[in-house]
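Residue numbers (the numbering used here), protein chains in the order written: chain A, 68 to 204; chain B, 68 to 204.
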DNA sequence: AAAACAAATCGTAATGATTACTATTTACAA
DNA sequence: TTGTAAATAGTAATCATTACGATTTGTTTT
């Protein structure tokens, strides 16, 4: 389903459909959580032995620009995950496996009035810790 | 006042009091907002022409460890500011000048129950935009 | 189906932030 | 004043990320 969405988006922007671009989506579908460029590169090397860093980073950037991926910086390294297409929400992020859990609460509404005069462009609300399965490891 | 606090903390940890360490605090007192290692290095070079990157990064890390500085990553680069010593709160951060405004609301309380089974270690809530004075620039 | 062309990729080099290392200097305690 | 470990300068190394020329490939057009 994300495959199809990616294809549609690429076509809409007149970008080409390549095996590598589809495999990148496949990787994030399977990952279901935050992953680094290095993680993706390792995965890609298994099926495309001679893939270039350029390809990995360029397409991460492309998908991010198109809004298909979202990113955050964890321990000084950029991490990416598929953007949930439905409503606005935030995430609990497992520091061990990168997995996420939706947080259906956004604190911004209550803050608009406290920030009168400030131009708000973006916000980040993330909770870090260990998910249930990673606590026993 | 932060000077004195830094001196006390350094002594408590048996670290030495050096001109450079005091100047670093002075820089952040004057800055009153988020600054990069490069920003600090530029400032330090004005009074200590031969200062080393090592000294800048080592002391940033030291102060961060001791809790005197807090940090966040903006546009892929680590930024630091003096940690407010009083109550827990969050920040609006101006993307132009790095200045901050306290947000006296923390969304974590309402979330504890929604995250039963998850081990919560940390959280980040930041709002980005332009402060009043930077909007007219 | 072949040709044409721009886009995508590879291979690799360059960059920028951060960290690490050794010789020297310095804070501070005895 | 001296001794000693900590701090620093100078510089090299590392790591993530970006950039670039040559080649390949997806897609459109013929």
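Don't be surprised by glycine CBs; every beta carbon is placed ideally from N, CA and C.
Within the model, the alpha-carbon separation for residue 184 of chain A versus residue 173 of chain B is close to 21 Å. The alpha-carbon of residue 132 of chain B is positioned some 46 Å away from that of residue 80 of chain A. Only residues of its own chain outside the window of five on either side were considered, and among them 187 have a CB closer than 8 Å to the CB of residue 179 of chain A, listed in chain order. By the neighbour-count criterion, in which 16 or more other beta carbons inside 10 Å mark a residue as buried, residue 114 of chain B falls on the exposed side.
Here the alpha carbons of residue 74 of chain B and residue 129 of chain A stand approximately 48 Å from one another. Residue range 120–133 is occupied by the alpha helix (DSSP H) that includes residue 121 of chain B. Shown here for residue 92 of chain B: same chain residues with a beta carbon closer than 6 Å to its own, the five before and five after excluded, namely 69, 70 and 73 in chain order. For residue 185 of chain B, the secondary structure class from DSSP, reduced to helix, strand or coil, is coil.
For residue 88 of chain B, the uninterrupted alpha helix (DSSP H) segment begins and ends at 86–98. Taking each of A:126, A:138 and A:199 in turn and checking the Cα distance to residue 87 of chain A, the smallest one comes out for A:126. For residue 166 of chain A and residue 176 of chain A, the gap between their C-alpha atoms comes out near 27 Å. For residue 151 of chain A, the closest alpha carbon among the candidates A:76, A:99, A:77 and A:78 is that of A:99. In the DSSP assignment, residue 168 of chain B is bridged to B:159. By the criterion of a C-beta distance shorter than 8 Å, residue 164 of chain B is surrounded in its chain by 100, 198, 200 and 201, once the five residues flanking it on both sides are discounted. Residue contact with chain B for residue 101 of chain A: absent (no Cβ-Cβ distance below 8 Å to any residue of chain B). Annotated three-state conformation of residue 101 of chain B is coil, per DSSP. Residue 181 of chain B and residue 169 of chain B have their C-alpha atoms roughly 26 Å apart. Within its own chain, the residues whose Cβ lies closer than 8 Å to the Cβ of residue 136 of chain A, once the five positions on either side in sequence are excluded, are 95, 127, 130, 147, 148, 149 and 150, listed in chain order. Shown here, residue 138 of chain B sits in a strand according to DSSP, grouped into three states.
Taking a Cβ-Cβ cut-off of 8 Å, the neighbours of residue 140 of chain A in chain B comprise 140 and 143, given in sequence order. Look at residue 78 of chain B here: in three-state DSSP terms it is helix. The beta carbon of residue 159 of chain A falls within 8 Å of a beta carbon belonging to chain B, placing the residue at that interface.
Close to chain A, meaning a Cβ-Cβ distance shorter than 9 Å, are the following residues of the stretch 170–186 of chain B: 170, 171, 172, 173, 174, 175, 177, 178, 181, 182, 184, 185 and 186.
Under the 8 Å criterion on CB atoms, residue 196 of chain A is classed as interfacial with respect to chain B. Taking the CA atoms as reference points, residue 161 of chain B sits about 33 Å from residue 122 of chain A.
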